[in-house]
Every structure is written in structure tokens, then in C-alpha cells.
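Numbering (the numbering used here), first residue to last: 1 to 69. Comments concern the structure below.
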């Protein structure tokens, strides 16, 4: 098995384990697990949006320097 195929398999196994864990935490109810994931995703999207706004304001004010390699 190639290294990339092994990585894909490992990622799939990790994803399956995470899904099983989320379902178990929700008492075996897949619908509840999905709702929890949607709420968590919306929270994270909100956090990213707020961080992007903060970085944009700081960048405009010259607090961040561009990377010149």
C-alpha cells in the first residue's frame, strides 16, 4: 500500500471513530448528533468571521506586516 493510500485509510478510520463517538455521546441518536455538529459548526463559523474582521482592521491600521519571504 502506498503512503498516500495509507493516509487516506487512516483519515477515514479517524473520521469513522469521530462519528461513532459523536453518536455515542448523543445516546445513539444520529439526528441529535447531527444537530450538535451543525450547532458546533455555526459557532466556529461565527468565531472565524469575528477573527477575520479583527485581523482585517489590524492589517489596515498597519499592525501586521506582509510576509516578504
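Beta carbons: idealized from backbone N, C-alpha and C, even for Gly.
Could you name the residues of the same chain whose beta carbon sits closer than 6 Å to that of residue 53, not counting the 5 residues immediately before and after it, in chain order?
none
Helix, strand or coil for residue 29 per DSSP?
If DSSP states are grouped into helix, strand and coil, residue 29 belongs with coil.
Residues in its own chain within less than 6 Å of residue 22 by CB, not counting five upstream and five downstream?
33
Helix, strand or coil, according to DSSP, for residue 61 in the structure here?
coil
Reducing DSSP to helix, strand and coil, say where residue 2 ends up.
coil
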